[in-house]
Structure formats: structure tokens, C-alpha cells
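Chemist: Chains S and R, in that order, are what the protein sequence lines are.
Heads up, the first sequence is in our numbering, so the first residue is 12 and it goes up one at a time.
Heads up, the second sequence is in our numbering, so the first residue is 104 and it goes up one at a time.
Built from N, CA and C at the ideal position, the CB exists for glycine as well.
Below is one structure. I have some questions about it.
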Amino acid sequence: MRYAMAMDTSLCVGCADCVVACQTENNVPEGYCRDWIVENVDGTYPLLDLEIRSERCNHCEDTPCVRTCPTGASHVIEGGIVKVTHEECIGCGACIESCPYDARYFHPDGYVDKCTFCDHRVAAGDTTACVSVCPTHALTFGDLHDSESEISKLLATRKYKVLAEEAGTKPQLYFLT
Amino acid sequence: MSKNVNRREFIKTSAMGTGGVLAASSMFTWVPSFLEDSVTPLLESHAERTPTVCEVCFWNCAGWVYKDRDGNIQKIIGNEDDPNSNGRLCPRGTAGVGIYNDPDRLTKPLMRVGEPGKQEFKEVEWDEALNFITEKMNKIKAEHGAEAMALMHHGTAGPHFKHLFKSFGSKSEAKPASSQCLITRESGFINTYGAGLASPEPTDVKNTKCLVLIGNHIGENMHNGYVQEVSHAVNRGASIITVDPRFSTIASKSKFWLPIRPSTDMALLLSWMHVIINEELYDKKYVEQYVYGFDELKAHVAGYTPEWAYTKTDIKPGDIRKTAREMAAASPSVIIHPGRHTAWYGDDTQRTRSIAILNALLGSYGKKGGYYFPEKAKLPAYPHPEYPHPHWTAGDLAKKVGYKGAIAGITNVIREASLPGAKEKFGHEYKGWFVVATNLIQSMPQKDKTIEALQNLDLVVVVDTMPMEITGYADVILPEATYLERYDVARVAQNRIPNIALRMPAAEPKGDSKPGWWITRELGLRLGLDKYYQWEKYEDVLDWQFKQVGSSLEEMKKIGVKQFDKKSKLYLDDGEDYFFNTNTGKIELYSTDLEAMGYDPMPKYTEHEQPEDGYYRLIYGRAPMHTFGRTINSPNMSDLMEENAIWVNPKVAKINDIKSGQEIWLENQDGIKSTFSAKVRVTERIRHDSIYIVHGFGHTNKKLTRAYGKGIADSELITKIKVDPITGGTGMRSNFVTLLTENPHKKDIV
Ligand code: SF4
Ligand code: SF4
Ligand code: SF4
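Take a look at the structure:
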């Protein structure tokens, strides 16, 4: 099993529904977020290009955040989901330093927090909160090892890119262009 | 350390090439403490849920409210059986719990102490507030007639108050949303097809091959079902043509973006007609069968060539032709979208008429992928005796001052008829207002006039959940329970499938706030209108109504939404006979009604003013995470966007020597300066002759602790309005602003 997410930039309108859904689902405190929106504008009026992305932890295959964690709080679970055990986290911030995607933040309760691919929902056979609300259906979550999964089909037929490939972490967020 | 240093940036904007990662810009402080794991995610299957209908915007999506183990509202998600939301709420609906949790909510009835104009209030009990209102209303009725009471409203609480007003003897009610948004659009369609469009508009985006959007920024405007269908259309590769001076989100997803010079849309629309007729691209069979006035129109648009339109719109003749052909190639599965906020330049009924006419030429009305025929469930009203018949209404006053095509009560006319000297002008005047869930200070232009009217009235009652600016002008403020705490009228919205939806409380009303049905019933009983309130709780009304259509309150609590079989057809069959409700029974390209009323029977191009040197047209719009001014103070939504930015083209930034992030003020053509400043956002996404801000910010009431002083209110800079002569709709896109880098209010502060 290899969980991953495809994010269709041609559909996303940057509404941040995915951000709010994550916050209410996972009790993310006010002022913080596990996923966020990036808007890039290219060109000069009127020859313009706009790309909007919903970003979050890439649940990388090669995880510098897990490697640098001195306590083992950061770890990988089944399907490649990268998690932090809050009780074991001493808040040293090494993982935050090592993540090329700014995907982690200090929770005001004293530990590091990040996207969990809603593993509690996934374990119950559901999809992530962000995927379930997205009004434009821009987000798709699934198992790359299952060639019949929606995400496998999307990646087989659509052009895509990953972010900061050069960092070498083998990120698992695929941006369909 | 202040919270702002801690917070994450939710929306990162950049002008870098795509593909990069933004430098980590947030600085974090960290307090080492080991607290228990407070993250208790909630599984839908384990939690208690109650049905709701979202009230964060008028789209009124149906959803489910989930509570956590302690009974607190945790999240709201869409109801899968709801055709308005298809099981997915928009960000505002998802964040709706912030409206319930907002610590600034009104929770106690308030009454003014001292003279009017002074914003000092005391907390009172409901009894005292309601008795006071009753006494005043009876006095107004005795001295001026019940007709002298007017109701301004918005949203789902409206019907409760309308019932109270009609029972009392007044039919003067208006929604600011009508005169500023829909009235001109509805009039444009009524005068063409003999029927308006209503909400949600029956555009068959789901099946369309070509969607034309004019000043319609769907995607930033999150009308839920519509956004979903547009996204579906993008995904299918349907062709989208967007006309906007701003590179909107949807412009970036369109096949064609026409960056038009603001205020010249009519030139483009007329020249599209010209091309479609001259190149014989129109649907000949449809036109022959259903349309009246084709030859007149053909002669009328003969001179509106793309070359002529180019001189007005800045859009190249080749692009005008290409896009006209693109639409025609998709005919009849093409939608020239009517839009929603359609009062812009004062000739707005005619502009919407042009849109209606184009659709008729391409044969899209009543066709798959064009406009479908919606259906509404029939939910009988709870029985009550006949309402009294008022001697005059706001509609009569509107006609008196010349808006012969006024199809809905007009807020501006009610305001006019509440000013000193109104009696001489209208023969009648208003003495009391109820303002329900609409912040007239922001939702109507020319706030000085609104304030003058408010101060001239004998009674002003404001019903709201939040201390919006309008509450400062009330004699009595009544705290309404939020949509998450109340029963309400059942939602009966038109759609492809007829359906009804239930809103019920998920929690007890906070503080002393009360549902609209309770407030109106209590007033009704005090006013001696018992016979109109033959029920005790709103549940009784709902249960009775649901039982008339084969359901019950009990069932609706479990399912939230009930769909019914469709009785009428979605589309016209090929060549089917159809009677349009116009004088000629046909689609009137040439409007006999408008002609009879003395207006142009076919739309003409009118030249509108352009900004002088150093001034820029003020364009305003929406952001996906806010609904006008109503959500700015909500904790979740202000978290996502707490202030608006002033979009400025880099050329304009250079001339004015301003940079992104700099705080500036705006001053309009009439010398009105914005109360607060906002940050500049230098972006290529806006034309050089315009600036853009998101509407709803710049709140001036300190009781709105999150929203106060954040950003600029476009409404205070809209002092020039262009009134549509047919409907009285108020066009607000004719204001020009200049950019001030120094605080213009400094000297006042001392
Ligand atoms: S919810 Fe969907 S459309 Fe909205 S920002 Fe997130 S990914 Fe984009
Ligand atoms: S994105 Fe960052 S936090 Fe997530 S797995 Fe990769 S390195 Fe770790
Ligand atoms: S569109 Fe959004 S805010 Fe409007 S009713 Fe639907 S969920 Fe609520």
C-alpha cells in the first residue's frame, strides 16, 4: 500500500475549503493550518497564467523529518503516512528544519503537528477531510499500488509534477497540470 | 508574543515562476510544555448529527451538523441528497461553526437610552423590548396606518417577518440584495422571455459545451452547486469565455479571456449579436419558431460591428468574431450566463436584455446545456386567515417616481420615502422600519442618506445575530439565534429535482438570543394578531406542512432533504409548441412591454464615464471565504482572510510610487476618503485603469472585535449611483478613486 494525493491545479479555485475542513476535522487551533493555498501568477497583463495549489505534507518516501527526529516521535505508518506521536515529541524542531516543504508547525500545546492524511478516517474506510469537501473535486486520495484506484488512473493519464523534486525526498503529492 | 507572529499563512501569493517552493515565511515561537493530546478527531459514523440548511449565503445548502462527545458543534458537512450542495459545502459553509462560536454575538435585547443618534444602549428583558415595539407599532398604525411600517430583510428570517408585516397590514418589504443584484437581471429576462430566472438560476452548466461569463467571477464567488458544475465543465474541456477587466480565477481556467475596458460590456454584447446575425450563425429554426422581432433586431445591430466595438471595449475585432463563432458552434448547448450582481452602470436591465437576447439567438433557452426548466416542490402554507389589504405599498411608491418596470420593492425607494419631506413627494411616508439580518450601512450605497432616513423614523428595530453597524441606529436591537440554533421555514428551492430541506437546531441558542419565528410570534400575539398564529412552536408548522406532502418532521429530522418526482420536463422537445408569457407569446427580442412603458424596445449602447487622470475605477468583488460583510468577524473565516488588499497594476504602482504590502487610503471622486487603510497588492491580474478590492471589509463598529478597522469598505466610497430607469436598480460601478499614501485623517485625531 502506498497512499498519495493528486491535486488538480486546473480545477482548484483556491477557496480554502480544504483548509477549513482540516481545521474542523482535526481540531487545528485558530491561526494554524496543516494544509494551505499557494497562488502563482506568471506573465504580464493580459498574457497571464495563474496556478493555484492546495499544499500539505508530501508524505515523502524518503523522510528527512523522520531521520532527524531524535526521539522517534516522527515515524512512518502503513501506506507511507508520516505521523508525529505528540506525547513523544519534545518540540526540538529538527523535523521542521529538515522539511523542504514547510509542512510542519509548532502546535501551541508544545509539540509538532502536521497533516496525517486523516489516517483515522482512512482506517475507517473513508477519505481525507480535505478531499471529501473540495467543491471542485480537485483533490484525489488513494493507493498507488492499486492500479484500479482513481489516483493511479489519474497519474496514468494526466500530466503532473511534484514540488522541489531536487530535494530528493520523493514527495507523494502529485500536482496535475 | 502577539498571535500574528505565531500564525501560519493560509494563502501564499507570489509572482515567481511556478514549481518553486516558497521560502518558509512564518516565524514560530514555541513554549515547551507537555500537554495532553488534545486532538480528538471525530468520526462521522460515531457522532450525533442533525440536519441543517446553511445560512452563510443564500444558496442555502443542506448539510449535517456533527457534535463532539461534549455536545459541542464540531463540524458541518454537506447532505449528499441535496442538489444545491451535492454533499459538499463551500468553505464558508464548512466554517459556519464560527458564526455560532463568535464571542461578539448579540445575546441580549438592547434598547437605546437617551436621544436618537447617540449610540448608547441598555440591556433589557425580551418582555420590555417587545412591549415597547408593540406600543410604537400601534401608535404608528393609529396615526399613519399600518402601511407606514417597512421591512428590510435578507435571508431565511425574512419570511417570518413578512408574515408578521402582512398580518399587521403592511406589504412594504424589500431586500437590498434585490435592487443591487437581481432586480435588473430578472427584469431583463422577464421582458424577453416573460419569466424571470430566480435562484439558483436554472443554467444547465453541467451539460453545457460553452459557458460565457461576463463580470461573473465564479470560483471567487462560491455559489456552491454552480461552482461544482463549472469545475465539472472545466474538467470536461468545455469552452469557457470570460469577460472581465481582472484576470479572475475563472479567467485563468478559460479558453478565452477578454480583458474588457470596464463599462463597455454592452458594446461587446451588441457586436456579438451583429456577428451572429450577419454570419447567419443563429439557430434559424428556433428563431423562426419562438422569437419575435428578429428583423427589427437585425436592422438595429447592423452598425454594431466588431470594428466599432473595438474602439469601445479594447477587444480586438478578430477576438470578438472568434468568440461569437465559438458560442455558435456549441449552440444550443451554450450559456451566456446572466450573472447575479447585475446592477452596474444604470442601463442594467438593457444589458441583461442583451444577454437574454443572445441566448435566444443561439436557441439555448429551454435546451440541454443551455437553460433548463426548474421545478419547485409544492409545500402548502400553514393555514391562516386572509391578510388585510394595504392601501399603498412600496411598489406603488416606486411606480409613482417612474420606475414602471419595478418588479420588487426597492430599498432605495423606501429610504427616499422615509426622509424628511417624503410625504409631499410620494403622498405617503414611512414611520417605522424593521431591519432584519441586513447591514444597511454596508449593503446599501450612499450611507449618509440611509442614516438620515434612520434618524427621521419613529421606530427602528434591528434584528441580527451580530453587532453590525446598523445596530448603532436602532431604537431596539433584538438578538436572533444563529441558523445552527433554530428551526426555520423549510427550504423549498427550485432545481432540476424538486426537493425540500429542513433546518433544525443543533444547539440551544446562546445567551438570550431567540429564533426569528419566536420573535415574530411574540410580537404578533402582543399586536392582537392571534388569528395569524394558530400554532405554538415552529415545529408544529413544519410537521403540518411536511405531512401535506407525505413526510413528517420526524422523517425530515432523519433525512434532512427529501426529493420528489419531477412532474415537468427539463427541456423543450425539438420543435415543441411553447407559449412564452409575453404580449406576443414569443421570446421578445423587440420588447413590446418596454416600448409601451416608453423605454427602448431594444438595447442601445450608452457611453459611460471613464476615470480622469490619476483616478481608477473602483471594482469590487468577492473572496471565496467570505459572504459580504457578514462573515468578516467570524473566527474561522477571519482566520483565512482578515482584511482586503487593494489590487493595483504594476504600472499604476510605479506611477504612484507604491509597493506591495504598503498601507494606503482611497479617496473617491466626491472627496470621500476611506475610514481605514488597506495593504497594496501589486499584481498583473488587474487592468491599469481600475483597482480591485474584496467587498465587506472596513467595519467601523468596535464591537466587531475581529473585523473592526480591517481593510477598506468599498460601500463607503460608492457615493455615486447610476439608477436603472426601468427598475430602479442601483448601479455601483461608476465610482473612481485616487490612492493616498498619507493618512488623510491624521489631523482629525490630534
Ligand atoms: S477545497 Fe479544493 S478548490 Fe478549494 S482550495 Fe482546496 S483544493 Fe482548491
Ligand atoms: S513533506 Fe516534510 S514533513 Fe512531510 S514527509 Fe516530506 S519532509 Fe516530512
Ligand atoms: S454556498 Fe457555501 S455559504 Fe452558501 S449556503 Fe452553500 S455552503 Fe453555505
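(1) If we count the other Cβ atoms within 10 Å of its Cβ and call it buried at 16 or more, is R:Phe-113 buried or exposed?
(2) Using a Cβ-Cβ cut-off of 8 Å, state whether S:His-148 counts as contacting chain R.
(3) Tell me the DSSP secondary structure of R:Lys-502 in three-state form.
(4) What three-state label does DSSP hand R:Ala-748 in the structure shown?
(5) Look up R:Lys-849 in the DSSP assignment and say whether it is helix, strand or coil.
(6) Relative to the alpha-carbon of R:Ala-781, which residue among R:Glu-770, R:His-791 and R:Ile-789 has its alpha-carbon at the smallest distance?
(7) In this structure, does DSSP put S:Asp-19 in helix, strand or coil?
(8) Let me make sure I understand the geometry here. Which of R:Val-390, R:Pro-262, R:Ile-438 and R:Lys-274 has the alpha-carbon closest to that of R:Thr-345?
(9) Taking R:Asn-846 as the reference, which of R:Val-644, R:Gln-765 and R:Lys-650 has the closest Cα?
(10) State the Cα-Cα distance for the pair R:Glu-250 and R:Pro-493, rounded to the nearest angstrom.
(11) Using 8 Å as the threshold, is the C-beta distance between R:Glu-332 and R:Val-308 below it?
(12) Taking only beta-carbon positions, decide if R:Phe-350 is within less than 8 Å of chain S.
(13) With which residues is R:Lys-776 paired in a DSSP beta bridge?
(14) R:Tyr-719 and R:Phe-537: beta carbons closer than 8 Å?
(15) Ends of the beta strand (DSSP E) at R:Pro-154?
(16) Report the option in R:Lys-634, R:His-848 and R:Asp-817 whose CA atom is closest to the CA atom of R:Lys-725.
(17) Using a Cβ cut-off of 9 Å, pull out every chain R residue sitting near S:Thr-55, in sequence order please.
(18) As an exercise, report each continuous beta strand (DSSP E) stretch of at least 3 residues that is fully enclosed by the region 79 to 106 of chain S, in chain order.
(19) So, with DSSP's three-state summary, where would you put S:Thr-55?
(20) What are the complete alpha helix (DSSP H) segments, minimum 4 residues, inside the region 223 to 294 of chain R?
(21) Below 8 Å on C-beta distance, what does R:Thr-734 contact in chain S?
(22) Under 8 Å, Cβ to Cβ, is there at least one residue of chain R near S:Ile-48?
(23) Under 7 Å from any heavy atom of ligand 3, does the C-beta of R:Cys-160 make it?
(24) Which residues in the same chain have their Cβ closer than 6 Å to the Cβ of R:Val-785, if we skip the five residues on either side of it in sequence?
(25) Using C-beta distances below 7 Å, list every residue in its chain close to S:Met-12, excluding the 5 sequence neighbours before and after it, in chain order.
(26) Is it buried or exposed for R:His-711, if we count other Cβ within 10 angstroms and need 16 for buried?
(27) What I want to know is whether the C-beta of S:Cys-103 ends up closer than 7 Å to one or more non-hydrogen atoms of ligand 2.
(28) Check whether the region 112 to 130 of chain S touches the region 34 to 51 of chain S, counting contact only when three or more Cβ pairs, one atom from each stretch, lie closer than 8 Å.
(29) Can you name, in chain order, every residue of its own chain whose Cβ lies under 8 Å from the Cβ of R:Leu-628, other than the five neighbours on each side?
(30) Can the beta-carbon of S:Ser-65 be found closer than 8 Å to that of S:Leu-150?
(31) Which one of R:Gly-799, R:Lys-806 and R:Gln-648 has the shortest CA to CA distance from R:Ile-815?
(32) Listing by chain order, which chain R residues have their CB less than 7 Å from the CB of S:Asp-73?
(33) Which value, in whole angstroms, describes the spacing of the CA atoms of S:Val-142 and R:Lys-850?
(34) Going along chain R in order, which residues have a C-beta closer than 9 Å to the C-beta of S:Ile-28?
(35) Out of S:Val-52, S:Asp-28, S:Cys-23 and S:Ala-32, which one is the CA nearest neighbour of R:Glu-787?
(36) In terms of residues, what are the limits of the alpha helix (DSSP H) holding R:Trp-375?
Modeler: The relevant details are as follows:
(1) buried
(2) yes
(3) helix
(4) strand
(5) Secondary structure of R:Lys-849 (DSSP, three-state): helix.
(6) In terms of CA proximity to R:Ala-781, R:Glu-770 leads the group R:Glu-770, R:His-791 and R:Ile-789.
(7) strand
(8) R:Ile-438
(9) R:Gln-765
(10) Rounded to the nearest whole angstrom, the CA to CA distance from R:Glu-250 to R:Pro-493 is 6 Å.
(11) yes
(12) yes
(13) DSSP, once it has assigned bridges, lists R:Glu-770 as partnering R:Lys-776.
(14) no
(15) 152 to 156
(16) The identity of residue 725 of chain R in the sequence shown is Arg, whereas the question assumes Lys. When only C-alpha atoms are compared, the closest one is R:Asp-817.
(17) Pro-753 and Glu-787
(18) 85 to 87 and 93 to 95
(19) strand
(20) 229 to 247 and 261 to 271
(21) The contacting residues do not exist; R:Thr-734 stays about 12 Å from chain S at best.
(22) yes
(23) Under cutoff, so the answer is yes.
(24) Once the five neighbours on either side are set aside, the close Cβ partners of R:Val-785 are Val-751, Pro-753, Ala-756 and Ser-763.
(25) Excluding sequence neighbours, S:Met-12 sits near Glu-89, Gly-90, Asp-154 and His-156.
(26) Buried, because 16 or more other Cβ atoms sit within 10 Å of the Cβ of R:His-711.
(27) no
(28) The answer is yes - the region 34 to 51 of chain S touches the region 112 to 130 of chain S, with three or more Cβ pairs under 8 Å.
(29) Tyr-636
(30) yes
(31) R:Gly-799
(32) Correct list: empty, because the minimum Cβ distance to chain R is about 16 Å.
(33) Looking at the two C-alpha atoms, the distance is approximately 52 Å.
(34) For the sequence presented, residue 28 of chain S should be read as Asp rather than Ile. Residues of chain R whose Cβ lies closer than 9 Å to the Cβ of S:Asp-28 are, in chain order, Arg-191, Leu-192, Cys-193, Pro-194, Arg-195, Gly-196, Thr-197, Ala-198, Met-325, Pro-727 and Met-728.
(35) It is S:Val-52.
(36) 368 to 381
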